[in-house]
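Okay, so here's the structure we're looking at.
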Amino acid sequence: MHEDLDARVIRTNRGDKIVNLNRALRFALLASTAVTCTPLLAQEATDAQQPADASVAEGEIIVTARRREETSIAAPIALTAIGGEELQRRNINTVDMLARAVPTLITSEATSSPQGGIVAIRGLSGVDANPFGDQAVSFNIDGVPVARSSVRRLGQMDLAQIEVLKGPQALFFGKNSPGGIISIRTADPTASLSAGLNAGYEVKADEVRLEGFVAGPISDTLGFRVAGYYSKMKGFVRNVAPTGGANVLVPFDRRVPNGEEYAIRGTLKWEPSDRFDARLKISYNDSDGSGSTDNLQFLNCPLGRPQGTPAAFATPEDCRADGRVTSTDNIGPNFAIADPRFGTETFLKSDQILGGLEMNYQLNDVLTLSSITGYYKASNSYVGNFIANFQENGIPQTFLPAFAALSIREMTQELRLTSDFDGPVNFMFGGLYQDSHATNQAVVYRNANAPIFSANYDYTQEGEAYSIFGQVMVELLPTLELSGGARYSNESKELTVFRSAIAASRNTLVDVDAPRNARFNNLSPEATLTFRPNDNLTIYGSYKEGFLSGGFNATQPTLNPVLNGNGRYTSLVDLRYDQQLITGFEGGIKSAFLNGDLRTNLAVYSYETTGLQVAVLVGLNQELRNAGAVRTKGVEFDFTYRTPLDGLSLRGAVAYQDGKYTDYQATCYRGLPTPACRVQVNRFTGQAGLLQDLSGTQLVRAPDWSGNLGFDYISPEFSGLKVGLQGAFTFSDSFFTDVVSAPGGRQKSYELFDAGIRLMDADERWEIGLMGRNLGNTYYFTRSADNPLSGGAPGGASTLLGDTVGVPNRGREIWVNAIVRFGN
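Just so we're aligned, residue 201 is where the sequence shown starts under my numbering, counting upward by one.
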C-alpha cells in the first residue's frame, strides 16, 4: 500500500516513538563503557591464557551466532562455519571463493558503484548502485558491524573462522540484516612466539600473493599479533581490441584486471584477570588497480555483434563470457578537458580503515558486561567506461565514462549484558548506537570525440541510528528451550549537501531543493523453540522478522533547470526510498552420528519480503527503488564425514530455493514491446511509469538448485613427510542476473572443479602445494545489464533486444603455494 512520503516522512513500522530514547541510550552507552573500564584499576594480573574447553568434540566448531560461545550443532540457526585451518587448506582467501563453499551465497564485483559489489544470500542482496545504500547481507568483522560490501577486502587475511548466518539476523549483529550475516573472526595473539608466511603465485594472471603474521606475548597479560598481505596481478583476461583504426582508442593495458593491493592488521589482547579481557584490532587496506569496467564484456548480442558496429568493420568481439575483452581502458584526452577528474585512463582506487575495541567484564560469576566500539572509514574512487566499446561510433556505440568518489565514515558503540545462570532462565540485553557520514560526487559525459555533458553532482549524508535489543532463554524442560526477543531500531538520515550542475553551466554546482530528511522505525521480534534430547541432536523452529532501512538515491538527479526563488534548482523526483521488511519461519535438524564422525544439517525456510530494494536503469542512470513483494522458501542440507580411512574426510552441501516475485512491476528492458511493457501505476509506490509485471517469476540471483561436494585426504607419515590431496565440485542452476529479467541476462547452469596436492613435513611446519581452481575454465556471470542505448526503445513496436554486458568470473587458476610456520 502506498502512503504519502511527506505526510509520514518515511513509513514507521510498529511501535510508538520512544520519547528521548536517542539521548538516553547514548548516555547509557557512554556511562556504561566508563563503568566497564573503572574496575580494571583494582584488578590483579593473572595468567592470560585460558585452557580450551575439553568437552568439545573433535572436528566440532565453536560459533558465536547468538553472541554466546556454543558448538555449531547446538546453535539453533542455519549457518555454515569454516575454521582457519580449513580455510587455508582449501585456499579460501576471498569472499568470492567462500561463495563456492556455501550454496545460495552469490557474490559479484561492481562495475557501477565504488561500494564494492553484490553479496546475496537466498536471493536477497543490497544494491551497490546506490553509494549510500546499506547491504541486505552485512559483514561483522571481529564484532564490528559494517553493511558495506567494500569491507570484505579487510577480512581476507590471517583468518581464524568465518560463519555465514543465513536468513534475517535482527537480534545479535549490528542494526539489522534481512538477508544474513558474514561473520569474520581474525586470528588473535598466541601464548608463545610464533610466525608464519604463505607465498603464492598464480600462473595465468601472473599474480603474486604474500601473507604472513608474527604473534606472541608481550607480558603475562598482554599479547600481540601483526599480520600483513600483499598482492600484485598483471591480469587474467586478454584485451583484443584493435591496435589502430578510425576513432579507435587503443587500450593502454592488454591484460586486465591488474593492480596492486596491500593490507596490515595489528592486534593487542589484554587479560589482566580472569574477570576482564580487552582486544583491540586495527586494519588498513589499500588497493590501486585497473578500472572496474576494464573486464566489462559483451555477454549476449542479438545481432551477433555489438550494435552500432560499422557494417564493414571486422570486430574482434565474440559476444560471450570468456577470457577475452574488447572494452578499452583508454577514454581519450577530451573528457579530461571537460573535467580534469577524468584523466585519460580508467582506474579503481580504495583505502579503508577498520578498528574495533572489544571489552568483556564479568560483574560476577553469572553476569558479563561487553562493550564493542567500532570505527570504519573508506575512500573509494573510480573512472569507468560504461559502454563496453573501443571505438567512438556515436549512439549506441558511444563512450560513456563516469568519475565517482565515495567517502564513508561510521562509528558504532554496542553494549551487552549477558547472563549465565545455572537455573532455567538466561538473558541478553543491549543497545547499539551508530553515527555515520558519507559523501558522494560524480561526473558523467559521453562521446569521446566531442564530449556531451550528462551529469555533475555532489551529495553529503549524515546518519544516526540506535537500537535496543534483548533476548530471554527459558529452559522449559532439560531438553526443551524457548527463546524470544526483539530489536527496536530508529534511524534518521539527512542530506546536508545536495548540489548539481546542468548542461548550460556544467562546472557550477548549485544547491537543489528536495526533501532532505528521512526517518525509519522498526520492531523486529524473533522466537525459537529448540529441542536437544542429547549432545548429538538439535531440532529447532523459529519465527523471525527483519528490516533494511531506506534512504536517499545519491545518483544523477532529475531537475527543473530554471532557478527558483531561492536561487536553487528544484528536484522533480523525491530521492527517498522506503525500508525493506522481511518476515517468516525457519526450522532445522542438526545431528551427529557414528561417534561424531558424520555431522549433518538440514534447514527449511519460508519468508516474505515487502518493499524489496532494487536497482533499476532509468535512462543512463541506476536508481534504487522499492519494487513490491518477494517470497523465498527452500531446503538446505550439508554434511561432513570423517571416513574410516584415516585422513580422508568428505563434505557436501545442496540447496533448493524457490524465490519468486509475488508483486513486482519492474522497469522494462530494452526491446520489450507493448503491451508487455506499458504505462501503468505501480501498486507499491502509486506512481505511474513504463513498467512490466514480473509477478510470479523467478527472483534475481536465486537458482533453483545449487551445491558442492568435496574431499580432503592427508596420508600417513612416510620418511618424515605427509601428502595432502583435495578436490571440490560446485554446481548451480540457471538464474537471472538483473532485476528486469532481460533474456540476455540469464546465466545458464554451470559446474566448477577444483583440485590440489600438498607435500608437508610430519609436523606441518612447512608445506608446498599445487592448487587448480575452475579447472574446466568455465565462465559465468552473476550481475548484468543492458548496454545503455542499445536495442529498441521499451514500450514501442521494436523487439530488438539490447546487448547484455557484465563482468564474468575468473577463469582457470593454477596456484603454486609455499607455507612455513615457526613456533607453537
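Using N, Cα and C, we set each Cβ at its ideal position, and we do this for glycine too.
Inter-residue CB distance, residue i and residue j (contact presumed, cutoff 8 Å)
{"i": "Phe413", "j": "Ala387", "result": "7 Å"}
{"i": "Gly374", "j": "Asn398", "result": "In fact, because the Cβ distance is near 31 Å, the residues do not count as touching under 8 Å."}
{"i": "Thr885", "j": "Tyr861", "result": "Actually they are not in contact, since the Cβ atoms of Thr885 and Tyr861 sit about 15 Å apart, beyond 8 Å."}
{"i": "Ser550", "j": "Ser571", "result": "Going by Cβ atoms, the distance from Ser550 to Ser571 rounds to 29 Å, so no, they are not a contact pair."}
{"i": "Leu894", "j": "Val879", "result": "No, Leu894 and Val879 are not in contact; Cβ-Cβ is about 16 Å, not under 8 Å."}
{"i": "Gly750", "j": "Gln779", "result": "4 Å"}
{"i": "Tyr777", "j": "Gly828", "result": "The pair is not a contact, with the Cβ atoms about 13 Å apart (cut-off 8 Å)."}
{"i": "Gly859", "j": "Gly787", "result": "With 8 Å as the limit, Gly859 and Gly787 do not qualify as a contact, their Cβ atoms being about 18 Å apart."}
{"i": "Phe953", "j": "Leu925", "result": "Incorrect: roughly 14 Å between the Cβ atoms, too far for contact."}
{"i": "Phe542", "j": "Phe603", "result": "6 Å"}
{"i": "Asp658", "j": "Leu709", "result": "6 Å"}
{"i": "Ile282", "j": "Thr304", "result": "Contact doesn't hold; Cβ gap of about 15 Å is too wide."}
{"i": "Leu279", "j": "Arg687", "result": "Not a contact, Cβ separation roughly 19 Å."}
Extent of the continuous alpha helix (DSSP H) run through residue i
{"i": "Ile537", "result": "Asn534 to Ala538"}
{"i": "Arg300", "result": "Val295 to Ala301"}
Exposed unless 16 or more other CB atoms sit within 10 angstroms - verdict on residue i
{"i": "Pro1008", "result": "buried"}
{"i": "Pro678", "result": "exposed"}
{"i": "Pro761", "result": "exposed"}
{"i": "Pro903", "result": "buried"}
{"i": "Gly1006", "result": "buried"}
{"i": "Ile418", "result": "exposed"}
{"i": "Gly834", "result": "buried"}
{"i": "Asp474", "result": "exposed"}
{"i": "Asp1003", "result": "buried"}
{"i": "Asn173", "result": "As shown, the chain starts at 201 and ends at 1024. That puts residue 173 outside it, with no answer to give."}
{"i": "Arg438", "result": "exposed"}
{"i": "Val1016", "result": "exposed"}
{"i": "Pro378", "result": "buried"}
{"i": "Arg1010", "result": "buried"}
{"i": "Gly997", "result": "Note on identity: in this sequence residue 997 is Ala, with Gly being the wrong assignment. Burial call: exposed."}
{"i": "Leu354", "result": "buried"}
{"i": "Lys948", "result": "exposed"}
{"i": "Ala514", "result": "exposed"}
{"i": "Arg799", "result": "buried"}
{"i": "Ser932", "result": "buried"}
{"i": "Gly623", "result": "exposed"}
{"i": "Pro651", "result": "buried"}
{"i": "Phe936", "result": "buried"}
{"i": "Thr999", "result": "exposed"}
{"i": "Asp334", "result": "buried"}
Residue closest to residue i, alpha-carbon to alpha-carbon, out of the options
{"i": "Gln634", "options": "Tyr805, Val319, Val327 and Pro345", "result": "Pro345"}
{"i": "Arg268", "options": "Gly317, Ile321 and Gly343", "result": "Gly343"}
{"i": "Thr528", "options": "Phe793, Gln597, Lys693 and Ala928", "result": "Gln597"}
{"i": "Tyr743", "options": "Arg825, Thr758, Thr783 and Arg455", "result": "Thr783"}
{"i": "Glu286", "options": "Glu664, Gln813 and Met297", "result": "Met297"}
{"i": "Gly380", "options": "Ser350, Ile362, Ala347 and Val337", "result": "Val337"}
{"i": "Leu449", "options": "Thr937, Leu365, Tyr805 and Thr546", "result": "Thr546"}
{"i": "Gly284", "options": "Ala703, Ser806, Gln361 and Pro276", "result": "Gln361"}
{"i": "Leu899", "options": "Ala703, Arg385, Gly400 and Glu808", "result": "Glu808"}
{"i": "Asn801", "options": "Lys790, Leu794 and Gly811", "result": "Lys790"}
{"i": "Val643", "options": "Ala701, Arg266 and Gly504", "result": "Ala701"}
Short CB-CB distance (under 8 Å) between residue i and chain D
{"i": "Lys481", "result": "The chain labelled as chain D is not found in the depicted structure, where only one protein chain is given."}
Residue i, enclosing beta strand (DSSP E) - first and last residue
{"i": "Gly284", "result": "Counting along the chain, Gly284 falls outside any beta strand (DSSP E), though it belongs to the alpha helix (DSSP H) covering Gly284 to Arg289."}
{"i": "Phe603", "result": "Pro601 to Ser619"}
{"i": "Pro725", "result": "Asn717 to Asn734"}
{"i": "Ile595", "result": "Element bounds for Ile595: n/a, residue is neither H nor E."}
{"i": "Gln497", "result": "Gln497 to Asn500"}
{"i": "Leu354", "result": "Neither: Leu354 is in no beta strand (DSSP E) and is coded neither H nor E."}
{"i": "Lys744", "result": "Leu737 to Leu748"}
{"i": "Ile668", "result": "Ile652 to Leu677"}
{"i": "Ala320", "result": "Ile318 to Ile321"}
{"i": "Lys948", "result": "Premise fails: Lys948 is in no beta strand (DSSP E) and is neither H nor E."}
{"i": "Val583", "result": "Leu567 to Asn585"}
{"i": "Pro417", "result": "Glu407 to Pro417"}
I'd like to know if the region 479-489 and the region 562-569 are in contact, where contact means that at least 3 CB-CB pairs between them fall below 8 Å.
no
Using 8 Å as the threshold, is the region 865-876 in touch with the region 990-999, meaning 3 or more CB pairs across them?
yes
Would you check if the region 499-508 and the region 518-537 touch, i.e. whether three or more CB-CB distances between them fall below 8 Å?
yes
Is it true that the region 465-485 meets the region 980-989, where meeting means three or more beta-carbon pairs spaced less than 8 Å apart?
no
contact_flag[the region 450-460, the region 526-540] where n(CB pairs < 8 Å) is 3 or more
yes
Is the region 532-540 touching the region 637-652 in the sense that three or more CB pairs, one from each, lie closer than 8 Å?
yes
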